[in-house]
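Residue numbers (my numbering), protein chains in the order written: chain A, 440 to 813; chain B, 47 to 281.
Yeah, the Cβ is synthetic: ideal placement off N, Cα and C, and Gly gets one too.
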Amino acid sequence: MQLQIRPKKPPIIVRPNSFLAWIGRAFMILLALVVSYILIRNLIEKPLFFVTNVINGLQLGFVYALIALGYTMVYGIVKLINFAHGDVFMVGAFVSFFAIERFDLHQWPLKIFPTMNSFIAIGIGTITTILLSMLVCVLMAVTIERVAYKPLRDAPRIAALITAIGVSFFLEYFGLLDFVFSARFIPYERPFDVVTWYISDGIHRMQSGETPPDNAIVVSNILIIIILSTLAVLLFLQFLVHRTKIGVAMRAASFDKPTARLMGIQVDQVISFTFAIGAAFAGLGGVLYAIAYPSIKTLMGVYPGLKAFVAAVLGGIGSIPGAFVGALIMGQAESMTASYISTPMRDAIAFTILILVLLVRPTGIFGEPEKEKA
Amino acid sequence: MLLEVKDLQVYYGAIHALHGISFDIAEGEIVTLIGANGAGKSTTLRTISGLIRPRSGQVIYKGEDITFAPAEQIVRKGISQVPEGRKIFAPLTVKENLEMGAYIIKDKAETNRLMERVFKSFPRLKERINQLGGTLSGGEQQMLATGRGMMSKPNLLLLDEPSMGLSPILVQEIFSIIKEINAQGTSILLVEQNAQMALSIAHRAYVLETGSILLSGPAKEIAENPQVKAAYLGV
């Protein structure tokens, strides 16, 4: 039997009307000018307030980075936007909440060795709590992947995407039940005390009840912990992806699955592993976010999840450095918007950025144009 | 027999791609499947290596039925495929590509030893060891694909169109290395459109046409067959 070969039709390229395109470009330039004007004016008028905003933005951005990494890695290998990722983040926060509130897990070293240096004891206790949250998130994400996504591996991508949205809703509304996490805001007990320093002619440790002088920049130990853990995660990821066999196999499988299988790479295991790594980072992010903003609720993962998704798209989805850079930009955008435009706009800005990215550069900062497979 | 293929029937949806083909490969042989575009050569290889499931028929390797084993298990049994179009992992370096070829080998020292062996056959790859696979030239990519296929220490190497898109000099080079690999004890199933080259190094040949085997025999006889001469050798 002879296969009939149809001549390929040339793709239809829709070129925007040049006048409209010109208007669009002019609009973008205007927007960029307005944004730069607002930022520069504020930087000159109140430099300290500006720096404070940058610091707040960094804190947000580094947490978003932890979530965005999971989005981008999973997308890289299965081309799926895992919308349930933000809810994994929420579960991370809740696991640490229960571990601290019900079981005092953050104090276990002191209970067993009462003479231990309290700083080290709390450190070990906090790390244990975080590791437990990460572990629960990993188990949950791997289960979700097996139950919900794996059966759809060969289905059209849109089916898996809709399933991801379904899983996300399931986690959110299951969590809302009274006997699960309930719909209330729950005050979160931090595993360690906040220490803040203010910087104005030298670094001063702030005493409790003290208010910093007007012209001071305030930095907390939470910010430092968030930045250090995120940087550690990034280093770990670089090492994993470039120096370990499973990491190289991840990159190979995300490039070409059939050929990866010919090499003997168990692609399903590699995919599960990717979900696990992403979930571990989201769990870490959930705990750090709860420590930084100590009030948790079941729907707390929705906005950070969506913002981290936008961050991943902004950086170029599939790219690990892209997710990090995108998340930092999102953090700054949010903090600047809240301060200089209006507080409720902080959530809207994320989607404004998403729309702009999709209009101007859909592949994101680090993304390469994707070849659509027939 | 190292590999026996019995009455393989493969469909792509409604398209009947292989109409029950049977052939075998003995230990130490180079066997070639020649035929025109769309004859089912690549489909045969992809079915053996487990990427495609046949409708019926059997693939027996060293006496074991591997018809429905998944691809990642088949390579562990000692069958390695160098896919059509080379399928280099473009974002991985040459070294990483070769390491992926040795994915099933746990021992790091063994991997390095195998890599040195590949570099001996393809010194050019050693010069480009840290270059990304996607930046190599076509000939270098074919060398990398072949080297990668050798990294799992296969008993049987499936080669899909190694001459595709290469200059005649490079084709000569690749084929002489294929002969060398065979001389070191690896059996080879070679799929080629370049029938002349394939017949010059193979021990036996099968001629495939639209999913069925038309002719089979020692490569020398096939090369002398008037039908083959007219259709594939352009004489």
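Compile a chain-ordered list of the residues in the region 691-719 of chain A whose CB is closer than 8 Å to at least one CB of chain B.
A691, F694, D695, P697, T698, A699, R700, L701, M702, G703, I704, Q705 and V706
Go to A:H681, then tell me how far its alpha helix (DSSP H) extends in each direction, as first and last residue.
What you label residue 681 of chain A is simply residue 242 of the first sequence in a count that begins at 1. Note, A:H681: alpha helix (DSSP H), N660 to R682.
Are the CB atoms of B:S88 and B:Q55 within a distance shorter than 9 Å?
To locate residue 55 of chain B, count along the second sequence from 1; it is residue 9. To locate residue 88 of chain B, count along the second sequence from 1; it is residue 42. It is not a contact, given that the beta carbons lie outside the stated cut-off.
Within 9 Å of any Cβ in chain B, is that where the Cβ of A:V619 sits?
For the purposes of this step, residue 619 of chain A is taken as residue 180 along the first sequence, with counting starting at 1. Closer than 9 Å: no.
Could you tell me which of B:P137, B:S233 and B:A136 sits nearest to B:H13, measuring between CA atoms?
Outside the displayed span of chain B (47 to 281) sits residue 13 of chain B, for which this structure offers no information.
For B:I259, does the count of other Cβ atoms within 10 angstroms reach 16, so buried, or fall short, so exposed?
If you number the second sequence from 1, residue 259 of chain B lands on position 213. Burial call: buried.
Give me the DSSP bridge partner(s) of B:S213.
For the purposes of this step, residue 213 of chain B is identified with residue 167 of the second sequence, where counting begins at 1. Answer is none; B:S213 lacks a bridge partner.
So, are the CB atoms of A:S607 and A:G525 less than 9 Å apart?
Position 168 of the first sequence, counted from the start, is the residue given in the question as residue 607 of chain A. Position 86 of the first sequence, counted from the start, is the residue given in the question as residue 525 of chain A. With contacts defined by Cβ atoms closer than 9 Å, A:S607 and A:G525 form a contacting pair.
Measure the C-alpha to C-alpha separation of B:L49 and B:G124 and round it to an integer number of angstroms.
Counted from its first residue, the second sequence places residue 49 of chain B at position 3. Counted from its first residue, the second sequence places residue 124 of chain B at position 78. Cα to Cα, B:L49 sits roughly 11 Å from B:G124.
Is DSSP giving B:S68 helix, strand or coil here?
Along the second sequence, read from residue 1 onward, the residue named residue 68 of chain B stands at position 22. In the structure shown, the three-state DSSP call for B:S68 is strand.
Taking 8 Å as the cut-off, does the region 111-123 of chain B touch the region 693-709 of chain A (at least 3 CB pairs, one atom from each stretch)?
yes
Are the Cβ atoms of A:I666 and A:Q498 separated by less than 9 Å?
For this step, residue 666 of chain A is matched to residue 227 along the first sequence. For this step, residue 498 of chain A is matched to residue 59 along the first sequence. Contact: yes.
When the Cα atoms are used, what is the spatial distance from B:G109 to B:N228?
As a working note, residue 109 of chain B is residue 63 in the second sequence. As a working note, residue 228 of chain B is residue 182 in the second sequence. Cα to Cα, B:G109 sits roughly 21 Å from B:N228.
Between which two residues does the beta strand (DSSP E) harbouring B:P264 extend?
Here residue 264 of chain B refers to the residue found at position 218 when the second sequence is read from its first residue. Per DSSP, B:P264 belongs to the beta strand (DSSP E) from S258 to P264.
Does B:R250 come out as helix, strand or coil in the three-state DSSP assignment?
Here residue 250 of chain B refers to the residue found at position 204 of the second sequence. In the structure shown, B:R250 sits in a strand (DSSP, three-state: E or B).
Do the region 725-734 of chain A and the region 781-788 of chain A touch if we need at least three Cβ pairs shorter than 8 Å?
no
What does the alpha-carbon distance come out to for the pair A:G703 and A:L615?
By 1-based counting over the first sequence, the position of residue 703 of chain A is 264. By 1-based counting over the first sequence, the position of residue 615 of chain A is 176. Rounded to the nearest angstrom, the two C-alpha atoms are 43 Å apart.
In terms of residue numbering, what span does the alpha helix (DSSP H) encompassing A:E484 cover?
As a first step, residue 484 of chain A is located in the first sequence; it is residue number 45 there, counting from the start. Here the alpha helix (DSSP H) through A:E484 covers S457 to E484.
Can the beta-carbon of A:S774 be found closer than 9 Å to that of A:N492?
Position 335 of the first sequence, counted from the first residue, corresponds to residue 774 of chain A. Position 53 of the first sequence, counted from the first residue, corresponds to residue 492 of chain A. Yes, these two residues count as a Cβ contact at 9 Å.
Looking at C-alpha atoms only, which residue of A:E584, A:A766, A:E628 and A:T635 is the closest neighbour of A:A599?
The residue labelled residue 599 of chain A in the question sits at position 160 within the first sequence. If we check each option's Cα against that of A:A599, A:E584 comes out closest.
Taking Cβ positions, are A:L753 and A:G765 nearer each other than 9 Å?
Translated into positions along the first sequence, residue 753 of chain A becomes position 314. Translated into positions along the first sequence, residue 765 of chain A becomes position 326. Yes; because the gap between Cβ atoms is below 9 Å, this pair is in contact.
Taking C-beta pairs closer than 8 Å, name the residues in chain A that B:P137 reaches, listed in chain order.
Locating residue 137 of chain B in the second sequence gives position 91, counting from the first residue. Near B:P137 (Cβ distances below 8 Å), the residues of chain A are R690 and F694.
Can you tell me which of the three DSSP states B:A127 falls into?
In the second sequence, counting from the first residue as 1, residue 127 of chain B sits at position 81. With the sequence shown as reference, residue 127 of chain B is identified as Gln, and Ala is not the correct amino acid for it. B:Q127 falls in the strand class under three-state DSSP.
Quick check on the DSSP output: the beta strand (DSSP E) that includes A:H545 runs from which residue to which?
By one-based count along the first sequence, residue 545 of chain A stands at place 106. No residue range can be given for A:H545, since it is assigned to no beta strand (DSSP E) and is classified by DSSP as neither H nor E.
Considering only the beta carbon of each residue, do B:R194 and B:V128 sit closer than 9 Å?
On the second sequence, position 148 is the one that residue 194 of chain B refers to. On the second sequence, position 82 is the one that residue 128 of chain B refers to. Closer than 9 Å, so yes.
Would you call the CB atoms of B:I98 and B:V51 closer than 9 Å?
Walking along the second sequence from the start, residue 98 of chain B turns up at place 52. Walking along the second sequence from the start, residue 51 of chain B turns up at place 5. In this structure, B:I98 sits away from B:V51, with a CB-CB distance that is not shorter than 9 Å.
Scan the region 678-689 of chain A for residues whose Cβ lies nearer than 9 Å to a Cβ of chain B and list them as they occur along the chain.
H681, K684, V687 and A688
Please classify A:G770: does DSSP put it in a helix, a strand, or coil?
Here residue 770 of chain A corresponds to residue number 331 of the first sequence, with the count starting at 1. A:G770: helix per DSSP, three-state reduction.
Just to confirm the assignment, what range does the alpha helix (DSSP H) spanning B:S233 have?
Counting from one through the second sequence, the residue named residue 233 of chain B turns up at place 187. Taken as a continuous stretch (DSSP letters only), B:S233 belongs to no alpha helix (DSSP H), being part of the beta strand (DSSP E) at S233 to E238.
Buried or exposed: where does A:L795 fall if 16 or more other Cβ atoms within 10 Å of its Cβ makes it buried?
Position 356 of the first sequence, counted from the first residue, corresponds to residue 795 of chain A. A:L795 is exposed by the Cβ-count criterion.
Can you list, in chain order, the residues of its chain with a C-beta nearer than 7 Å to that of B:P100? Leave out the 5 residues immediately preceding and following it.
As a working note, residue 100 of chain B is residue 54 in the second sequence. Answer for B:P100: L54, Q55, V56, T93 and T113, listed in chain order.
Report yes if the C-beta distance between B:I220 and B:I76 is below 9 Å; otherwise report no.
Locating residue 220 of chain B in the second sequence gives position 174, counting from the first residue. Locating residue 76 of chain B in the second sequence gives position 30, counting from the first residue. No, the pair does not count as a contact, with Cβ atoms beyond the cut-off.
So, helix, strand or coil for A:P760, using DSSP?
Stepping through the first sequence from its first residue, residue 760 of chain A is reached at position 321. A:P760 falls in the helix class under three-state DSSP.
Please report the distance separating the alpha-carbon of A:V577 from that of A:G531.
Locating residue 577 of chain A in the first sequence gives position 138, where the first residue counts as 1. Locating residue 531 of chain A in the first sequence gives position 92, where the first residue counts as 1. Cα to Cα, the separation comes out at about 10 Å.
Rounded to whole angstroms, how far is the Cβ of B:T78 from the Cβ of B:L245, which I believe are closer than 8 Å?
Against the second sequence, residue 78 of chain B aligns to sequence position 32. Against the second sequence, residue 245 of chain B aligns to sequence position 199. Between the beta-carbon of B:T78 and that of B:L245 there is about 7 Å, and that keeps the pair under the 8 Å contact cut.
Give the straight-line distance between the Cα atoms of A:P760 and A:A715, rounded to the nearest whole angstrom.
As a first step, residue 760 of chain A must be located in the first sequence, where it is residue number 321. As a first step, residue 715 of chain A must be located in the first sequence, where it is residue number 276. One C-alpha to the other measures close to 19 Å.
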